[in-house]
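So the sequences go chain by chain: A, B, C and D.
Quick note on numbering: my numbering labels position 315 of the first sequence as 315, and the sequence is numbered without any gaps.
Quick note on numbering: my numbering labels position 197 of the second sequence as 197, and the sequence is numbered without any gaps.
Quick note on numbering: my numbering labels position 162 of the third sequence as 162, and the sequence is numbered without any gaps.
Quick note on numbering: my numbering labels position 99 of the fourth sequence as 99, and the sequence is numbered without any gaps.
Taking it in order: structure first as structure tokens, then the write-up.
4 protein chains.
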Amino acid sequence: MAVPAPVLYPPFNIVRLSHIEFTVTDLGASRAFYADTLGLQITDSDARAIYMRAMEERVHHCVVLKQGDAPCVGYLGFKLYDEPDLEKAQDYFRSRQLPVEWVERPYQGRTLRTRDEHGIPLEFHVTMDRLPPIHQKYALYKGVKPLRIDHFNCFTPDVDASTEFYNAIGFRLTEYTQDEVTGRLWASWLHRKGGVHDIAFTNGFGPRLHHTAFWAANPLHIIDLLDVMSTTGYLGHIERGPGRHGISNAFFLYVRDPDGHRIEIYTSDYQTVDPEHEPIKWDLKDPQRQTLWGAPAPRSWFEEGSVFAGVEPHKATLEATPIVAP
Amino acid sequence: MAVPAPVLYPPFNIVRLSHIEFTVTDLGASRAFYADTLGLQITDSDARAIYMRAMEERVHHCVVLKQGDAPCVGYLGFKLYDEPDLEKAQDYFRSRQLPVEWVERPYQGRTLRTRDEHGIPLEFHVTMDRLPPIHQKYALYKGVKPLRIDHFNCFTPDVDASTEFYNAIGFRLTEYTQDEVTGRLWASWLHRKGGVHDIAFTNGFGPRLHHTAFWAANPLHIIDLLDVMSTTGYLGHIERGPGRHGISNAFFLYVRDPDGHRIEIYTSDYQTVDPEHEPIKWDLKDPQRQTLWGAPAPRSWFEEGSVFAGVEPHKATLEATPIVAP
Amino acid sequence: MAVPAPVLYPPFNIVRLSHIEFTVTDLGASRAFYADTLGLQITDSDARAIYMRAMEERVHHCVVLKQGDAPCVGYLGFKLYDEPDLEKAQDYFRSRQLPVEWVERPYQGRTLRTRDEHGIPLEFHVTMDRLPPIHQKYALYKGVKPLRIDHFNCFTPDVDASTEFYNAIGFRLTEYTQDEVTGRLWASWLHRKGGVHDIAFTNGFGPRLHHTAFWAANPLHIIDLLDVMSTTGYLGHIERGPGRHGISNAFFLYVRDPDGHRIEIYTSDYQTVDPEHEPIKWDLKDPQRQTLWGAPAPRSWFEEGSVFAGVEPHKATLEATPIVAP
Amino acid sequence: MAVPAPVLYPPFNIVRLSHIEFTVTDLGASRAFYADTLGLQITDSDARAIYMRAMEERVHHCVVLKQGDAPCVGYLGFKLYDEPDLEKAQDYFRSRQLPVEWVERPYQGRTLRTRDEHGIPLEFHVTMDRLPPIHQKYALYKGVKPLRIDHFNCFTPDVDASTEFYNAIGFRLTEYTQDEVTGRLWASWLHRKGGVHDIAFTNGFGPRLHHTAFWAANPLHIIDLLDVMSTTGYLGHIERGPGRHGISNAFFLYVRDPDGHRIEIYTSDYQTVDPEHEPIKWDLKDPQRQTLWGAPAPRSWFEEGSVFAGVEPHKATLEATPIVAP
């Protein structure tokens, strides 16, 4: 099975991933984690929701936390380039028999809600309230000093299908893992904004969200976070890392929020703005794919994820076994 | 004078800056500087030219060194998105009465040569030979471990005019310095690829090239370079830094090559992919504009630059005095 | 003039520099500087004094701030090895006709006060209250994350005499600057605890304290401090750096406290525990002596210092001109 | 069982650990590992031996590699303070019925060979050939940029006995692990030179050498080494890490040389020069003892070690099970 060719002139123009809505069961505990420990900046909060941005973001939020009874993910948010892209997106998804609706979201302009073929809820907007820069207000930096949201990674029951779907709307493949036996994709990484990915897919019980990543400036900030988390009661929240990925070449750490939502701290991938940027192929059997160096990923990392609100996950169609820490 | 609004649908699609051609007077000395000291990788060389790329680049070269009698810059190279963009560019520059010609360049596809209104020679191509990735061949990393070419910075006799010119072809303004007295621009930073700039302009005797920048992963690699340069005979080649810029927020170092061409090592600016990303205004009188912290720039930094081959520089139309180290 | 040979069996055993007492004119402003900005931990405070320690210290304090009318330094504190060393020290200084007295100092055991030949007030103790470790309480780390007091540096009117004095009581010379013309010492660095220095001397109007240094783990913490100071009203307090010293090989930054007391943040010198460790000689004319790389030191750095309480400084006997930033 | 009190006036004065002699089975492979990959500097070599020093060392060697048929450790070398200390050491060991002899070692002065109670071969000298400094010859730095030898760590069948033995000759305990059930020591760390340890002991089949550690300036150099080792055929030589130790607070990495000798790269422990520095007690059951954060140590790390030439190891007298990666 060949990987899809890049779509140079997509049906509508997605600029980048934008934000995510998490439902959490204890807003206070989540605030302590995301704001006090990771260092995201709160831009609004009340008894039912907290909005946060990272240090170099000029938009109102990259994370929305909502109080709820059970942890889940409300939707994945993406920013479009211009107002006409909203109509083009509506037409596109309608033409593929996917449900579309216009929803109201605080601090955002017109917002189109739809879902992908497996049910992942997607929301698209062009405008969000813009805030004054804080990237040089260094007194505000704390925790891992998160600079921006970087990417989403989702479990999908069919990576080939998910890759086709997102490729068709302009995401460009940068790296992928192929099962040597069947020739099918086991994982894929696709971008819009010029890094290794805005969204990635991993074979598994899905759709579920595997993780959401934030960009840090360098590995020492990640080491600082490890020092703090390991001595302030968050040791059990450190799931995997630090290490360097083979795929993406990034230095990484995975932690879990109080509800188990997985957060990656990520730094030092590479620029991919050339449209002909050749995707790098990795063999599923190559242990350096996930971990160029560092301890192997634990079983939880392969199996656990966050459900999307109201979306029932299914077993993957590809049965293939990655390398797990024994 | 207001800054120009971003052009959302430019006449042709520039992906990013691509490469630069330097004429140098001693190819061996330049090889020692660029390859052995900075750490660029040689991709081809003979008695008359050396081609080099940085560690995460998949294209054949970001720097071409040509042996010559006097140091100068041959042209600034930019990559376009798709083949039709070449014709659109040709039409665009012709319609503005600028000379256009198709030139042959080794390792590149069709290449359009023109110049901007002040005479800066520009070359546009879509394809360049692509090479296997080396970003995970860590045994090759040396010097400052340069990852990619980041930007050009040029002296221009009229920053307002230069800013208008590049803005009209799709470059988006991210930061600028305004002379409070006249309201005119003293400097501007414009991007295509999603960082603070692909090209910038500084008021002065021009057109001349002020510097070419390479991206490094973090400040410690820049400190490593300083340690090596200061103890291997290159102490006098360190011109300014390290420090942090107010504009761009980047950690920086400026060094001079054996012919005086100025190279910046640059890390940690910020993402600017949103088309409405608001440009940040700085007052010419604000000393933290150039140097958030660090020693003030020396006089040479304000006055010296590389001429473009065959292009006579002129005095700037704006007389304004920046802050110089006494 | 030859440098003195190390005294392998000194008259009493000094373990290390211990602490310093600064008189400051606004205790609140100094608290904001030392505790909130640099990150020292307050161990006791009242309306008239603040006691602080650095992150890996187990003793009660390395800095004492006292409220007063004019900034000065009360004394330099040193820790002796064992109780009998106090008597031996008393005998030693008495035999050199230097005044000795036993003084009461909070949180310390028996304390011997004397002065050196030029009048620098010195206090020696064996015991100080010991506190539980906090080096793994990472939530407390802030500012430059100072780990320990590292050294004192003093102006002296006669570096040869000062070097002889401290060498005689067991300090071992690690590096020195010699005036090529007269053969006299222009500066010297001497240690007890196994680094480049516990105390250093610089030719100048003295005795005065030039600076007090704290050890940070790595250069990125110093860059973090620069980012914070330059954006929280402390830009004018940054005096020199960052850079790397030729002497000591350390990465450094000099800042001034609200009263002008000079603080160095210092990292990465080298181990000197071998008693035969050969001192490194530097020529006064060598610009890489002070600054292996980085901007030259400003004039203030050569001329300004803190007076010792009640001690009148004098002009240096050696007239020699170091390299100053123009 | 109480830990022993520090011996303030030991029978002879040990300055620091000095060097180690490894027997290796392929001198070329070991040279590629120690010199080309780790970055130690070769100071002499022939067909049968290689001598190396680290970047800030002024002595001839910290590692001696000897060609042999089976990997083992020849001896642990320590530097004494002054010539009379050699005789004092001879008297001391003789009085304890331990064998002593004077041996010839290239590049060293008089050298006393003995062994500890469990058979670990120890060699003491005062003088070794001294070499010009290279710590500012930055062009020579490579690999992990090792600055100096830091410590030895040995398996011993009786940590209580080993701790008593080394404590009696002036090593000072800084941290220890105690088995809560029996009250016996499971591990101990002891120093002479002012850091956490010059030598440490771990309960196990011994005596054997567990590892030899080199000091690096900061964690990023260790990350650089991981990048290089994982892409140059040394992936299987990375045994544990990176992580931060609870004990010592150091950032660490363990790698294995071509013969399996274990090398630690170690940075950022703390200063311990105060003679009353209180040892920190850890519970054997505390998982943060070995690993403040990071993956648990693999089984090999607990079980494998290097034999001392001609010394038969024995089972430990304490049976207690540390936490091992499953």
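Note that the Cβ used here is the ideal one computed from N, Cα and C, for glycine as well.
Keep in mind the model is a prediction, meaning the values are calculated, not measured.
- Pairing His118 (chain D) with Leu17 (chain D) gives a Cβ-Cβ distance that is not under 8 Å.
- Val7 (chain B): not part of any beta strand (DSSP E); DSSP gives it neither H nor E.
- Residue burial is scored here from C-beta neighbours: Tyr141 (chain D) has at least 16 other C-beta atoms within 10 angstroms and is therefore classed as buried.
- In this model, Glu83 (chain C) and Pro11 (chain C) are separated by some 14 Å (Cα to Cα).
- Within the DSSP bridge table, the entry for Asn153 (chain D) names D:Ala200, D:His211 as partners.
- With a threshold of 8 Å between beta carbons, Glu175 (chain A) makes no contact with chain B.
- Contacts with chain A at 8 Å (Cβ-Cβ) do not include Asp286 (chain D).
- One thing to note: Arg208 (chain A) has its Cβ no nearer than 8 Å to the Cβ of Gly77 (chain A).
- Secondary structure in the segment 101-140 of chain A: the beta strand (DSSP E) runs of 3 residues or longer, each lying completely within the stretch, are 101-103, 111-115, 121-125 in chain order.
- The C-alpha of Asp179 (chain D) is placed about 6 Å away from the C-alpha of Trp186 (chain D).
- DSSP places His221 (chain C) outside any beta strand (DSSP E); the residue lies instead in the alpha helix (DSSP H), whose first and last residues are 219-229.
- When C-alpha distances from Gly204 (chain B) are compared across B:Pro219, B:Phe155, B:Asp36, B:Ala309, the shortest belongs to B:Phe155.
- Excluding its 5 nearest sequence neighbours in each direction, Glu239 (chain D) has C-beta neighbours in its own chain below 8 Å: Tyr254, Val255, Arg256, Arg262, Pro298, Ser300, Trp301, listed in chain order.
- When 7 Å is used as the limit between beta carbons, Asn249 (chain B) is near these residues of chain A: His135, Gln136, in chain order.
- Annotation for Val159 (chain C): the continuous alpha helix (DSSP H) segment containing it runs 159-168.
- Here Trp186 (chain D) is not bridged, per DSSP, to any residue.
- Taking a Cβ-Cβ cut-off of 8 Å, Ala161 (chain C) has no neighbours in chain A, whose nearest Cβ is about 44 Å from it.
- Under the 10 Å beta carbon count, Gln41 (chain D) is surrounded by 16 or more other beta carbons and is classified as buried.
- When C-alpha distances from Ile280 (chain C) are compared across C:Val15, C:Ile134, C:Glu175, C:Lys66, the shortest belongs to C:Glu175.
- Minimum Cα-Cα distance from Gly233 (chain D) among the listed residues A:Gln288, A:Tyr266, A:Ser30 corresponds to A:Gln288.
- Proximity of Gly194 (chain C) to chain D, defined by a Cβ-Cβ separation below 8 Å, is satisfied.
- For Pro275 (chain D), the chain C residues whose Cβ falls inside 8 Å of its Cβ are Val15, Tyr81, Asp82, in order along the chain.
- Chain order gives the chain B residues near Arg244 (chain C) as Ile223, Leu226, Asp227, Ser230, where near means a beta carbon separation below 9 Å.
- Where Phe252 (chain C) is concerned, the enclosing beta strand (DSSP E) starts and stops at 251-256.
- Thr267 (chain D) carries a strand assignment under DSSP once its states are collapsed to helix, strand and coil.
- Beta bridge pairing from DSSP links Cys72 (chain B) with B:Thr23.
- Between Ser268 (chain D) and Ala295 (chain D), the gap from beta carbon to beta carbon reaches 8 Å or more.
- Around the beta carbon of Thr317 (chain C), fewer than 16 other beta carbons lie within 10 angstroms, which makes this residue exposed.
- Classified as buried, Tyr34 (chain C) has 16 or more neighbouring CB atoms from the shown chains inside 10 Å of its CB.
- Judged by their CB atoms, Leu190 (chain B) and Gln136 (chain A) are not nearer to each other than the 8 Å cut-off.
- Distance between Val273 (chain C) and Phe124 (chain C), taken at the CA atoms: about 22 Å.
- Against chain B, a Cβ distance below 7 Å from Ala217 (chain C) picks out nothing, because the smallest value is about 12 Å.
- Annotation: the continuous beta strand (DSSP E) that includes Asp283 (chain D) extends over 280-283.
- Any Cβ of chain C closer than 8 Å to the Cβ of Leu220 (chain A) would place that residue at the interface, and such an atom is present.
- Rounded to the nearest angstrom, the gap between the Cα atoms of Asp36 (chain C) and Ile120 (chain C) is 30 Å.
- In summary, Gly28 (chain B) is exposed, with fewer than 16 beta-carbon neighbours lying within 10 Å of its beta-carbon over all protein chains present.
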